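From first to last, the protein sequence lines are chains A and B.
Take the position in the first sequence, starting the count at 1, then add 49; the result is the number in the numbering used here.
Take the position in the second sequence, starting the count at 1, then add 450; the result is the number in the numbering used here.
Contents: one structure, followed by commentary.
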Amino acid sequence: MEEIIKDFAAQEYKEGFVTDVAQEYIPKGLNEDIIRMISAKKGEPEWLLEFRLGAFRRWQKMKMPHWGHLKLPRIDFQDIIYWAAPKRDEDRPETIDPALMDTFDKLGIPLHEREVLAGVKPKGEVAVDAVFDSVSVTTTFRKTLAEKGIIFCSFSEAVREHPDLVRKYLATVVPVGDNYFAALNSAVFSDGSFCYVPKGVRCPMELSSYFRINAAGTGQFERTLIVADEGAQLSYMEGCTAPMRDENQLHAAVVEIIVEKDADVKYSTVQNWYPGDAQGRGGILNLVTKRGICKGSGSHLSWTQVETGSAVTWKYPSTILKGDYSSSEFYSVAMTNNWQQADTGTKMIHLGRGTRSRVVSKGISAGHSENSYRGLVQMGPAAEGARNYSQCDSLLIGSTCGAHTFPVIRSQNPHAIVEHEATTSKISEDQLFYCTQRGIAPEDAVALIVGGYAREVLSRLPMEFAVEAQKLLSVSLEGSVG
Amino acid sequence: MDNKVYVIGRDSVPQYLRLEAGEELSMTLVVPPATDTRLVLEVDLTGPGASLDLAGLYLCPDAENVDIRVLVRHDVPHCVSRQLFKGIVGGTARASFDGLIYVAQDAQKTEAYQENHTLLLSDTARVESRPQLEIYADDVKCSHGATTGYLNPDELFYLRSRGIPEAEARQLQMIAFLAPVLRRLPEPLAEEIYGRLS
Numbered sequence: 050m051e052e053i054i055k056d057f058a059a060q061e062y063k064e065g066f067v068t069d070v071a072q073e074y075i076p077k078g079l080n081e082d083i084i085r086m087i088s089a090k091k092g093e094p095e096w097l098l099e100f101r102l103g104a105f106r107r108w109q110k111m112k113m114p115h116w117g118h119l120k121l122p123r124i125d126f127q128d129i130i131y132w133a134a135p136k137r138d139e140d141r142p143e144t145i146d147p148a149l150m151d152t153f154d155k156l157g158i159p160l161h162e163r164e165v166l167a168g169v170k171p172k173g174e175v176a177v178d179a180v181f182d183s184v185s186v187t188t189t190f191r192k193t194l195a196e197k198g199i200i201f202c203s204f205s206e207a208v209r210e211h212p213d214l215v216r217k218y219l220a221t222v223v224p225v226g227d228n229y230f231a232a233l234n235s236a237v238f239s240d241g242s243f244c245y246v247p248k249g250v251r252c253p254m255e256l257s258s259y260f261r262i263n264a265a266g267t268g269q270f271e272r273t274l275i276v277a278d279e280g281a282q283l284s285y286m287e288g289c290t291a292p293m294r295d296e297n298q299l300h301a302a303v304v305e306i307i308v309e310k311d312a313d314v315k316y317s318t319v320q321n322w323y324p325g326d327a328q329g330r331g332g333i334l335n336l337v338t339k340r341g342i343c344k345g346s347g348s349h350l351s352w353t354q355v356e357t358g359s360a361v362t363w364k365y366p367s368t369i370l371k372g373d374y375s376s377s378e379f380y381s382v383a384m385t386n387n388w389q390q391a392d393t394g395t396k397m398i399h400l401g402r403g404t405r406s407r408v409v410s411k412g413i414s415a416g417h418s419e420n421s422y423r424g425l426v427q428m429g430p431a432a433e434g435a436r437n438y439s440q441c442d443s444l445l446i447g448s449t450c451g452a453h454t455f456p457v458i459r460s461q462n463p464h465a466i467v468e469h470e471a472t473t474s475k476i477s478e479d480q481l482f483y484c485t486q487r488g489i490a491p492e493d494a495v496a497l498i499v500g501g502y503a504r505e506v507l508s509r510l511p512m513e514f515a516v517e518a519q520k521l522l523s524v525s526l527e528g529s530v531g
Numbered sequence: 451m452d453n454k455v456y457v458i459g460r461d462s463v464p465q466y467l468r469l470e471a472g473e474e475l476s477m478t479l480v481v482p483p484a485t486d487t488r489l490v491l492e493v494d495l496t497g498p499g500a501s502l503d504l505a506g507l508y509l510c511p512d513a514e515n516v517d518i519r520v521l522v523r524h525d526v527p528h529c530v531s532r533q534l535f536k537g538i539v540g541g542t543a544r545a546s547f548d549g550l551i552y553v554a555q556d557a558q559k560t561e562a563y564q565e566n567h568t569l570l571l572s573d574t575a576r577v578e579s580r581p582q583l584e585i586y587a588d589d590v591k592c593s594h595g596a597t598t599g600y601l602n603p604d605e606l607f608y609l610r611s612r613g614i615p616e617a618e619a620r621q622l623q624m625i626a627f628l629a630p631v632l633r634r635l636p637e638p639l640a641e642e643i644y645g646r647l648s
């Protein structure tokens with residue numbers, strides 16, 4: 050077992066390279082001038098600048114939250130560059146810098162429309178919006194999607210080309226003053242994805258965003274807005290990586306999802322930000338707010354997340370179940386190692402009648418890491434016949450890590466049922482013995498047991514992601530001898 | 451094992467308990483109707499082999515305000531703790547349960563279980579449950595479970611179809627729900643609780 054823990058720590062982060070491209074920055078620091086500068090760089094309309102400034106003024110009055118089971122390093126918000134972008138080549142303004150092409154190729158993210166994601170050859174295609182530091186590099190398959198009336202582009206483009214839609218939905222799910230980091234994001238957000246699927250349209254391919262932090266001393270503040278109109282259906286995936294650095298870099302994103310009547314949205318994340326080294330130096334501080342609303346009756350929103358990276362994760366993808374008989378799910382695998390800390394979970398807020406939700410959370414902690422599940426299930430007075438089932442399991446590898454569960458259940462309805470259960474365990478000697486006596490090497494046995502433990506969640510991921518996630522989990526265990 | 455029963459409002463309840471090596475404690479807390487309380491109990495398991503068996507029930511049919519906080523701390527290896535709390539909440543009552551199991555880094559081979567179940571009987575009542583685990587040792591068996599629900603209409607129908615009047619049937623349902631805790635009480639107290647469940 051000692052060996053396994055050691056090898057866990059020795060695991061390398063293969064996405065940790067830096068791309069050498071000419072980049073342009075704005076000065077360090079945060080004030081109204083900086084915000085005006087960001088807004089001007091992006092050529093934004095007046096209303097959006099006002100929105101940013103309003104958010105900034107709110108943020109200045111707010112305090113950093115400390116309720117998480119986390120030891121956050123002090124963040125100096127004046128020491129961050131809030132906008133960095135690769136320079137456009139003057140001679141070829143329309144094409145993408147080959148260095149960026151290479152970067153995304155290396156990460157397995159094809160920016161050529163003829164290729165597909167992640168090494169496997171699935172039949173379906175994937176449309177990618179690739180975000181590099183503060184700007185979107187390209188969005189693929191836009192034409193194919195546009196034929197169906199689907200809008201999939203970077204957030205900045207959406208502001209230019211579909212201002213009415215953006216204005217109608219922006220900050221309706223995560224209000225500007227929702228929390229400290231949401232307010233910060235609303236003030237300085239750079240790029241992200243915007244997606245709109247019109248009435249009754251099934252999206253013919255997976256949509257995906259890939260976020261890459263490259264420049265040093267910067268933070269990434271992306272903003273994603275997904276709208277599924279009546280009866281629409283879409284599956285969206287998100288991936289992220291960053292170079293290895295000794296400093297902590299801040300990533301404070303906001304994701305908003307609006308699901309109208311009978312629409313169906315599936316949101317999957319494989320989060321693989323740089324987790325810091327074995328001594329706990331560096332790594333991304335991943336402090337994000339993700340929330341969706343099942344607005345119309347019969348709507349459905351499903352969250353699936355695999356969290357393996359980041360020095361600190363502070364993330365609670367939540368659903369407001371407003372429409373009658375709407376439903377939501379949350380499936381999560383969170384793995385922490387070395388000195389990583391994760392405080393993650395979900396909130397299911399049942400407002401409509403007959404709403405249903407299901408939460409399955411699997412935590413795996415190793416090394417000196419801390420892994421917490423924090424959740425809320427709330428049954429409002431009108432949530433007649435609503436139902437929730439939550440299951441939170443923790444797996445501990447080694448005796449120096451911690452696993453915690455902090456659920457809150459609130460009910461105001463005598464016709465609603467809430468059930469929650471949680472267990473904590475380790476990979477038992479019996480399980481290992483059972484495998485090894487059948488000729489399975491200890492390292493394979495551990496991978497097998499961890500894989501089986503996380504299977505319920507991994508099986509929910511879209512094919513392309515499931516392969517990647519499985520690899521991520523098993524790579525962590527590679528070469529370990531028990 | 452001796453089972454100590456405390457009725458809130460009649461008996462004085464200890465706020466802090468410490469169990470030494472091999473010590474076993476069984477304890478039942480009863481919050482009868484018309485009692486407002488903020489109950490805080492902390493138990494430290496400080497010697498190997500100590501064992502805690504804790505149960506409680508709270509009945510809040512009117513406008514009670516009940517807040518129960520339990521902290522069970524496993525500081526050393528080989529201890530066992532079990533908790534079972536059951537509540538029935540109606541009227542405009544507010545009830546909350548906040549239970550934390552803490553397992554220190556050296557407390558290997560710990561077994562700790564916690565359950566909290568509530569029935570909600572009215573639109574205006576509110577319940578909150580926070581079962582929490584904070585675990586720093588790996589060789590442990592820990593679990594918790596929490597539910598909130600209501601009296602099952604199918605069960606009610608079953609009883610009524612066999613000629614049991616509605617009020618009585620409901621009372622039976624509630625007795626059945628509370629049974630695991632009720633049977634730990636001395637006969638006269640259990641009788642008293644039955645009487646107040648109508």
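Cβ atoms here follow ideal geometry from the backbone N, Cα and C, with glycine treated the same way.
Keep in mind the model is a prediction, meaning the values are calculated, not measured.
- Under the Cβ distance rule, E578/B counts among the residues neighbouring chain A, one pair being separated by less than 8 Å.
- Under the three-state reduction of DSSP output, S88/A falls in the helix class.
- For V577/B, the secondary structure class from DSSP, reduced to helix, strand or coil, is strand.
- Residues of the segment 461-479 of chain A with a Cβ closer than 8 Å to any Cβ of chain B, in chain order: Q461, N462, P463, H464, A465, I466, V467, E468, H469, E470, A471, T472, T473, S474 and K475.
- Cβ-Cβ distances below 6 Å link Q582/B to L550 in the same chain, with the five nearest sequence neighbours on each side left out; the list follows chain order.
- When 7 Å is used as the limit between beta carbons, G447/A is near these residues of chain B: D588, in chain order.
- Shown here, E433/A sits in coil according to DSSP, grouped into three states, outside any helix or strand.
- Taking the C-beta atoms as reference points, A432/A is found nearer than 8 Å to A465/A.
- Linking E356/A to R261/A through their CA atoms gives a straight-line distance of about 16 Å.
- For S183/A, there is no enclosing beta strand (DSSP E), as DSSP marks it with neither H nor E.
- Non-local C-beta neighbours of Y502/A in its own chain, meaning closer than 7 Å and more than five positions away in sequence, comprise K411 and L444, ordered along the chain.
- For the segment 580-612 of chain B, the set of residues with a beta-carbon nearer than 8 Å to any beta-carbon of chain A comprises R580, P581, Q582, L583, E584, I585, Y586, A587, D588, D589, V590, K591, C592, S593, H594, G595, A596, T597, T598, G599 and Y600, in chain order.
- Not one beta carbon of chain B lies nearer than 8 Å to the beta carbon of G403/A.
- Beta-bridge annotation (DSSP): E637/B is not paired with any residue.
- Taking C-beta atoms as the reference points, G103/A and V225/A count as a pair closer than 8 Å.
- One finds E578, S579 and R580 in chain B with Cβ atoms closer than 8 Å to the Cβ of V457/A, taken in chain order.
- Counted as a single uninterrupted DSSP element, the alpha helix (DSSP H) harbouring P603/B occupies residues P603 to S611.
- The alpha-carbon of T338/A is positioned some 9 Å away from that of N234/A.
- The Cβ atoms of A291/A and Y323/A sit closer than 8 Å to each other.
- For E271/A, the secondary structure class from DSSP, reduced to helix, strand or coil, is coil.
- By the criterion of at least three beta-carbon pairs nearer than 8 Å, the segment 383-393 of chain A is not in contact with the segment 425-441 of chain A.
- With a minimum length of 3 residues, the unbroken runs of beta strand (DSSP E) contained wholly in the segment 72-117 of chain A fall at 72-74.
- Between V180/A and G241/A, the beta carbon gap of about 7 Å places them in contact (Cβ cut-off 8 Å).
- P498/B places its beta carbon less than 8 Å from that of H528/B.
- DSSP places Y323/A outside both helix and strand once states are collapsed to three, so it counts as coil.
- Residue contact with chain B for H399/A: absent (no Cβ-Cβ distance below 8 Å to any residue of chain B).
- Under DSSP, M624/B takes part in no beta bridge, so it has no partner.
- Contacts between G451/A and chain B, judged by CB atoms closer than 7 Å, involve I585 and Y586 in chain order.
- Under the 8 Å criterion on CB atoms, D525/B is classed as non-interfacial with respect to chain A.
- Note on geometry: alpha-carbon atoms of L156/A and E64/A lie some 7 Å from one another.
- Counted as a single uninterrupted DSSP element, the beta strand (DSSP E) harbouring D494/B occupies residues T487 to L495.
- Collapsing the DSSP output to three states places D227/A in coil.
- Y552/B is positioned such that its CB atom lies closer than 8 Å to that of H524/B.
- If you draw a straight line from the Cα of G198/A to the Cα of L334/A, it is about 37 Å long.
- None of the residues of the segment 494-525 of chain B has a beta carbon lying less than 8 Å from any beta carbon of chain A.
- Rounded to whole angstroms, Y600/B and D311/A show a C-alpha spacing of 29 Å.
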